[in-house]
Amino acid sequence: MKKERVLHEHWYDGFLDTFKIYIPGNSTYHTMRARNARTGTWFILPFIIGFIFFMGKPMIESFIMSFNNVVLVPGQGYEQTPVGLSNFKHALLADPEYNKFLVEEIGQMAINTIATLVLSFVVAVILNQNFKGRLACRAIFFLPVILSSGVLPGIEHQNEFYDMMAGLAQSVEESGGVDISASLQELLAVSGVGAGVFDVVFTMIDSIYDIVMASGIQIIVFLSGLQAISPSLYEAADVEGCSAWESFWKITFPMVSPLLLVNCIYTIIDFFMKNDNKVMELIYQVTYQDMKFGISAAMSWIYFGIALVFIGVSSFIIRKAVKSYE
Numbered sequence: 004m005k006k007e008r009v010l011h012e013h014w015y016d017g018f019l020d021t022f023k024i025y026i027p028g029n030s031t032y033h034t035m036r037a038r039n040a041r042t043g044t045w046f047i048l049p050f051i052i053g054f055i056f057f058m059g060k061p062m063i064e065s066f067i068m069s070f071n072n073v074v075l076v077p078g079q080g081y082e083q084t085p086v087g088l089s090n091f092k093h094a095l096l097a098d099p100e101y102n103k104f105l106v107e108e109i110g111q112m113a114i115n116t117i118a119t120l121v122l123s124f125v126v127a128v129i130l131n132q133n134f135k136g137r138l139a140c141r142a143i144f145f146l147p148v149i150l151s152s153g154v155l156p157g158i159e160h161q162n163e164f165y166d167m168m169a170g171l172a173q174s175v176e177e178s179g180g181v182d183i184s185a186s187l188q189e190l191l192a193v194s195g196v197g198a199g200v201f202d203v204v205f206t207m208i209d210s211i212y213d214i215v216m217a218s219g220i221q222i223i224v225f226l227s228g229l230q231a232i233s234p235s236l237y238e239a240a241d242v243e244g245c246s247a248w249e250s251f252w253k254i255t256f257p258m259v260s261p262l263l264l265v266n267c268i269y270t271i272i273d274f275f276m277k278n279d280n281k282v283m284e285l286i287y288q289v290t291y292q293d294m295k296f297g298i299s300a301a302m303s304w305i306y307f308g309i310a311l312v313f314i315g316v317s318s319f320i321i322r323k324a325v326k327s328y329e
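If you want it as structure tokens, here you go:
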């Protein structure tokens, strides 16, 4: 009982301190942490306002639809008939593709998230070095952010020239008679490497295009963290006789590690919202082709809940593993 009371008091004090940040006339209001929090709030205020006015109502309506059978009525909008949890049961137990796509996309998300974080961190470390053409290299690595915008992927997938080149590349690969990826997998299997290990590795290799296209923002975030590290820390480490490898693990990685949480959350959300996501395509089909709005709403909320669970689990793990510096 005493432990529970201490935890309750700690939670209450933290909740109260959050409000003190925005209320003048107390000691917390004038701290640097409070000033930084208020500045951050001003930056995200346009998003908060936009979310409340443009996304709040549709989210509430979709949540209500997930517990109803929705039927379109010409000239009158739609009618809702309460069905309880039937839509959720249909999505999880009756639909032949929803569970399959969920498992596939979650597994792909886990692999792509790890690969994206590793790649973006390595590239950020390289781009933080002092070399000629550094600015041009940074611009090149940021290009995927522009190329992965909403318009260009559609052009990419609907462009006849792109389709012709993709078909030509496939024909050349087939005419060669050698599948390099399959040959390497057979080689690793013969060498005794676990099947699960090289399956993950080759999944990353096959997804390298998607990983690079999704790494632009993460590279910028890591790069900003690297540039915030004081050079005096490296000078002190050099005087103490630390090697570059030791400086990396003792200074660079610990100082940048808090940004892993930001990039991990961003990467998970970005993957769950991809246009070529099979679950998203299925929800679109159920909504606009099958006109089953209640079932599609239930699918969407299940998908949303799974995304929140993964964000929560990854946040818990990373918070335990990283170091925080004020």
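Numbering (my numbering), first residue to last: 4 to 329. Where a beta carbon is used, it is the ideal one built from N, C-alpha and C, also for glycine. Keep in mind the model is a prediction, meaning the values are calculated, not measured.
Just checking my contact of residue i with residue j at CB under 8 Å: how many whole Å lie between their CB atoms?
{"i": "methionine 276", "j": "isoleucine 286", "result": "With 8 Å as the limit, methionine 276 and isoleucine 286 do not qualify as a contact, their Cβ atoms being about 12 Å apart."}
{"i": "alanine 217", "j": "threonine 119", "result": "5 Å"}
{"i": "glutamine 230", "j": "asparagine 131", "result": "7 Å"}
{"i": "glycine 308", "j": "asparagine 71", "result": "Their Cβ separation, rounded to whole angstroms, is 18 Å, which puts glycine 308 and asparagine 71 out of contact at 8 Å."}
Once you ignore the five residues that flank residue i on each side, which residues in its own chain have a CB closer than 7 Å to its CB?
{"i": "valine 282", "result": "Phe104, Leu105, Glu108 and Tyr306"}
{"i": "isoleucine 321", "result": "Leu263, Leu264 and Cys267"}
{"i": "cysteine 140", "result": "Leu130"}
Kindly list the residues whose CB is nearer than 8 Å to the CB of residue i, restricted to its own chain and excluding five residues on each side of it in sequence; keep chain order.
{"i": "phenylalanine 22", "result": "none"}
{"i": "leucine 138", "result": "none"}
{"i": "aspartate 241", "result": "Ser250"}
{"i": "isoleucine 254", "result": "Ile232, Leu236, Tyr237 and Ala240"}
Between the alpha carbons of residue i and residue j, how many angstroms are there, rounded?
{"i": "histidine 353", "j": "lysine 135", "result": "Limits of the chain in this structure are 4 at one end and 329 at the other, which puts residue 353 out of reach."}
{"i": "cysteine 267", "j": "serine 317", "result": "7 Å"}
{"i": "cysteine 245", "j": "proline 257", "result": "16 Å"}
{"i": "serine 69", "j": "glutamine 83", "result": "10 Å"}
{"i": "glutamine 79", "j": "isoleucine 55", "result": "26 Å"}
{"i": "asparagine 102", "j": "lysine 323", "result": "31 Å"}
{"i": "valine 76", "j": "isoleucine 47", "result": "39 Å"}
{"i": "isoleucine 114", "j": "aspartate 273", "result": "14 Å"}
{"i": "methionine 62", "j": "leucine 311", "result": "15 Å"}
{"i": "leucine 96", "j": "asparagine 280", "result": "21 Å"}
{"i": "tyrosine 291", "j": "glutamine 111", "result": "26 Å"}
{"i": "isoleucine 52", "j": "arginine 36", "result": "24 Å"}
{"i": "valine 73", "j": "histidine 93", "result": "15 Å"}
{"i": "proline 234", "j": "methionine 58", "result": "44 Å"}
{"i": "tyrosine 81", "j": "tryptophan 45", "result": "39 Å"}
{"i": "glycine 219", "j": "phenylalanine 145", "result": "5 Å"}
{"i": "aspartate 98", "j": "glycine 28", "result": "57 Å"}
{"i": "phenylalanine 319", "j": "isoleucine 67", "result": "31 Å"}
{"i": "valine 128", "j": "aspartate 293", "result": "49 Å"}
{"i": "isoleucine 24", "j": "lysine 60", "result": "29 Å"}
{"i": "serine 3", "j": "phenylalanine 50", "result": "Nothing about residue 3 can be reported from this structure: the residues present for the chain run from 4 to 329 only."}
Excluding five sequence neighbours on each side, which residues of the same chain lie with their C-beta closer than 6 Å to the C-beta of residue i?
{"i": "lysine 295", "result": "Val289"}
{"i": "aspartate 213", "result": "none"}
{"i": "isoleucine 314", "result": "Ile268 and Ile271"}
Step through the CB atoms of chain B and report whether any lies within less than 8 Å of the CB of residue i.
{"i": "phenylalanine 50", "result": "Checking the listed chains, one finds no chain B in this structure; it contains a single protein chain."}
Evaluate contact between the stretch 292-301 and the stretch 88-100, counting only Cβ atoms and requiring at least three cross-stretch pairs below 8 Å.
Under the 8 Å Cβ criterion, the stretch 292-301 counts as touching the stretch 88-100, having at least three qualifying pairs.
Please determine if the stretch 259-278 and the stretch 33-49 are in contact, where contact requires at least 3 C-beta pairs separated by less than 8 Å.
Taking one beta carbon from each stretch, the stretch 259-278 and the stretch 33-49 have fewer than 3 pairs nearer than 8 Å; the two do not touch.
Indicate whether the contact test is met: 3 or more Cβ pairs, each with one atom in the stretch 220-230 and one in the stretch 120-129, closer than 8 Å.
Contact between the stretch 220-230 and the stretch 120-129 is established, with three or more Cβ pairs separated by less than 8 Å.
Please go through the stretch 287-329 and give each complete alpha helix (DSSP H) segment of 4 or more residues, from N-terminal end onward.
As far as the stretch 287-329 is concerned, its whole alpha helix (DSSP H) runs of at least 4 residues are 296-324.
Return the chain-ordered ranges of every alpha helix (DSSP H) run that is complete within the stretch 238-296 and spans a minimum of 4 residues.
Runs of alpha helix (DSSP H) with 4 or more residues, each lying fully within the stretch 238-296, are found at 247-250, 256-259, 261-275 and 281-291, listed in chain order.
Secondary structure, alpha helix (DSSP H): runs of 4+ residues fully inside the stretch 59-136:
With a minimum length of 4 residues, the continuous alpha helix (DSSP H) runs that stay inside the stretch 59-136 are 59-68, 89-92 and 101-130.
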